[in-house]
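For the sequence shown, my numbering begins at 43 and goes up steadily by one.
Reading through the C-alpha cells given below for one structure.
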Amino acid sequence: MNLLSEGNKRIKRLCNRLGIPLKTRLVAQIIYSRVFSTSQHDHEFLSLCCINLACKIIDTYFDENLIFNTNKINYKEIKEIEKYICNKINHNFNIFPIHFIYIKFAKILNKGLHYNTLTVLDEIHEDDRILKIKYFENENKMFCGGDVALSLFKDSEVSFLVDKMGMFH
C-alpha cells in the first residue's frame, strides 16, 4: 500500500464529499505529501488534520465535527499534529498549487481551461510525482510549480507568457 497515494486520495474523496473548495483540498494534499513519511501518527487521522489545517490556511470555514466525523473531537491531539505539520513545513503557509498557476497562465493567454489538463494535475497530486514539485522555499525539488504549469502549453504560448510577464530575465 502506498501511504502517499492512499492519503491523498482519501483527502480528495472527503473534500469532494464535504464540498471543500479545490484550493483547500490541494493545499491539504501538498501538506500531507510533505509530512506523511516522517509522521508517527495514524495516517488516516493525519490526512484529516491536513484538511483541517488547510481550511485554516486558506480561510475556508468548515465544521471540524464533519471533517473528523465525530462529536467528541480530541483537540489536544489535533493541535499536537498541527504543530508537528507546521514545524515540518517551516510555518510556510504561502502555498500556491499548480492548478492555479495553470489557470492564471490560461487567463493571460485568453485560453479556455482543459478538463483533461486539470485531471492530469489532480493525478500528479495523488501520487509520487507531487514529491518532485517545489512548493516550499526550503525544498530542493526538481521542478517549480510554474515550470510544471508552463510545460502544459505550446512553445509559442510559453514564449508569449515569458515576454508578457518578464519571466526568466
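Ideal Cβ placement from N, Cα and C applies to all residues, glycine included.
Small disclaimer: the values here were computed from a predicted structure and weren't measured.
Can you tell me the Cβ-Cβ gap for residue i and residue j, rounded? I've got them flagged as a contact below 8 Å.
i	j	result
L95	I73	6 Å
V69	I100	6 Å
K65	F142	7 Å
S75	L173	6 Å
L88	I109	No, L88 and I109 are not in contact; Cβ-Cβ is about 13 Å, not under 8 Å.
Closer than 7 Å by C-beta to residue i: which residues in its own chain qualify, once you throw out the five before and the five after it? Chain order, please.
i	result
N180	N132
E106	N94 and I115
K183	K174, I175 and K176
H211	Because the pLDDT of H211 is 46, which lies under 50, any placement of that residue in the model is unreliable, and the number read from its coordinates should be weighed accordingly. Within the same chain, H211 has no close Cβ partners at all.
Would you kindly check if the distance between the Cβ of residue j and the Cβ of residue i is under 7 Å?
i	j	result
P139	T102	no
N134	F178	yes
T159	L194	yes
Give the single residue among the options whose Cα lies nearest to the Cα of residue i.
i	options	result
Q82	M207, I123 and F195	I123
Quick one: what's got a C-beta closer than 8 Å to residue i's C-beta in the same chain, skipping five residues either side?
i	result
D169	N44, L46, S47 and N50
M207	I150
Spatial neighbours of residue i within its chain, please: CB distance less than 6 Å, with the 5 preceding and 5 following residues excluded, ordered by chain position.
i	result
C57	R67
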